[in-house]
Amino acid sequence: MQKRALAVHDLSCVGRCSLTVALPILSAVGVNTAVIPTALLSTHTGEFTGYTHLDLSDQLSPITAHLATLGLHFDAFYSGYLASGAQVEQILSMLDQLCDSETHIFVDPAFADHGRRYSLIDESMPAQMRRLCARANTIVPNLTEAAFLLDRPYPGEHYDRTLIGDYCRGLLDLSAENVIITDVSFSPEETGIAILSRSSQQNEPEFLFRSKFDGVFHGTGDVFASFALAGLLQDMPLKPAAERALDLTHESIEWTLREGQPLRYGVQFERVLKKL
Ligand code: PXL
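Under our numbering, residue 835 is the last one in the sequence shown; the count climbs by one each step, no gaps.
Structure, rendered in structure tokens:
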């Protein structure tokens with residue numbers, strides 16, 4: 560049976576992030592992907608100015624109510640960038656109405672990076688996002704989001720494996736089953752991820768690193784998360800799915816740098832889709 564996913568993120572017209580990343584990546588592994596857009600923007604809010612922004616909150620409940628009448632089963636529910644903290648309540652209602660006990664709930668908190676909330680994200684988001692993480696099977700925060708979710712100060716560049724271990728355990732205590740923290744780096748040459756699963760019965764996360772490129776790469780959190788979920792939907796265990804996602808994200812950045820493409824348009828994940 561073909562698998563089906565529901566991706567709930569913003570739609571940014573230009574700048575390869577959120578739905579314009581999730582949809583092609585999940586489609587590339589043969590997953591029938593439905594979408595519910597949380598907001599419509601002309602570009603992402605990272606390196607552009609003058610972007611438009613339409614909060615689609617008033618559409619979420621009617622869309623959910625209609626889809627609920629169709630009796631669909633989703634193998635995965637994948638949420639990302641939300642227009643506001645208040646939208647979390649509607650996302651929780653979506654989970655109640657559109658998901659069942661077999662749906663893998665995969666949450667990319669997608670509200671902050673480099674120590675700061677994204678420019679349009681309100682202060683209520685971390686506390687609200689904690690509620691959504693509590694319903695998730697898998698959460699994939701970056702280091703900044705992990706700190707916000709745990710109400711700890713952003714550690715900047717000064718942290719060690721002990722702190723990341725604490726973060727992973729703290730995030731599992733929020734009640735997710737699997738945690739992958741991205742953007743973990745203990746040296747200027749390398750960056751990577753920390754993975755901890757409740758089912759592994761381990762107390763310490765596993766770390767995976769790749770060489771680090773200089774620069775800010777917009778949308779790579781979404782690219783990594785979408786590749787990781789694609790692997791899970793191909794029935795890969797968490798660690799190999801995460802490792803392949805790390806490799807493919809790394810290669811997407813490499814292509815972008817090699818061709819000298821402007822970084823604000825996101826990375827060339829299209830180049831690696833055939834490797835899935
Ligand atoms: O990639 C995360 C993201 C998603 N959507 C929008 C964003 C960002 C990051 O800046 O601005 C609209």
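Don't be surprised by glycine CBs; every beta carbon is placed ideally from N, CA and C.
*What are the start and end residues of the alpha helix (DSSP H) that includes residue 663?*
Working through the sequence shown from its first residue, we reach residue 663 at position 104. Judged by DSSP secondary structure, residue 663 falls outside any alpha helix (DSSP H) and instead within the beta strand (DSSP E) spanning 663–666.
_For residue 627, which residues in the same chain have their Cβ closer than 7 Å to its Cβ, ignoring the five residues on either side in sequence?_
Against the sequence shown, residue 627 aligns to sequence position 68. These residues qualify, in order along the chain: 656, 657.
*Within the same chain, show all residues whose beta-carbon is closer than 8 Å to that of residue 831, passing over the 5 residues directly before and after it, in chain order.*
Here residue 831 refers to the residue found at position 272 when the sequence shown is read from its first residue. Closer than 8 Å at Cβ, skipping near neighbours: 807, 810, 811, 814.
*If you drop the 5 nearest sequence neighbours on each side, which residues of the same chain put their C-beta closer than 6 Å to that of residue 763?*
Here residue 763 is taken as the residue at index 204 of the sequence shown, counted from 1. Answer for residue 763: 724, listed in chain order.
_Quick check on DSSP: helix, strand or coil for residue 711?_
For the purposes of this step, residue 711 is taken as the residue at position 152 of the sequence shown. Here residue 711 sits in coil by DSSP.
_So, for residue 667: in the same chain, excluding its five sequence neighbours on each side, which residues have a beta-carbon less than 6 Å away from its beta-carbon?_
For the purposes of this step, residue 667 is identified with residue 108 of the sequence shown, where counting begins at 1. Here the set comprises 639, 699, 784.
*Where do the N-terminal and C-terminal ends of the beta strand (DSSP E) with residue 766 fall, by residue?*
On the sequence shown, residue 766 is found 207 positions in, with the first residue counted as 1. In the DSSP annotation of this structure, the continuous segment of the beta strand (DSSP E) that includes residue 766 starts and ends at 765–770.
*Listed by chain order, which residues have C-beta atoms less than 6 Å from any heavy atom of the ligand PXL?*
Those satisfying the condition are, in chain order, 569, 571, 576, 577, 600, 603, 604, 605, 640, 669, 677, 778, 780, 781.
*asked:* For the beta strand (DSSP E) containing residue 598, name the first residue and the last one.
replied: Along the sequence shown, one-based indexing puts residue 598 at 39. Residue 598 -> beta strand (DSSP E) spans 591–602.
*Quick one, which of 631, 827, 600 has its alpha-carbon nearest residue 561's?*
On the sequence shown, position 2 is the one that residue 561 refers to. With distances taken between Cα atoms, residue 561 lies closest to 631.
*Locate the alpha helix (DSSP H) running through residue 806, then write down its first and last residues.*
As a working mapping, residue 806 is identified with position 247 in the sequence shown. Following the DSSP letters along the chain, one finds residue 806 inside the alpha helix (DSSP H) bounded by residues 797–817.
*What are the complete beta strand (DSSP E) segments, minimum 3 residues, inside the region 625–680?*
The region 625–680 contains these whole beta strand (DSSP E) runs: 635–638, 663–666.
*Going by other Cβ atoms of all chains shown within 10 Å of its Cβ, with 16 needed for buried, is residue 611 buried or exposed?*
Here residue 611 refers to the residue found at position 52 when the sequence shown is read from its first residue. Residue 611 comes out exposed.
_the region 768–784 contacting the region 674–686, beta-carbon criterion three pairs below 8 Å_ = Result no; under three Cβ-Cβ pairs closer than 8 Å.
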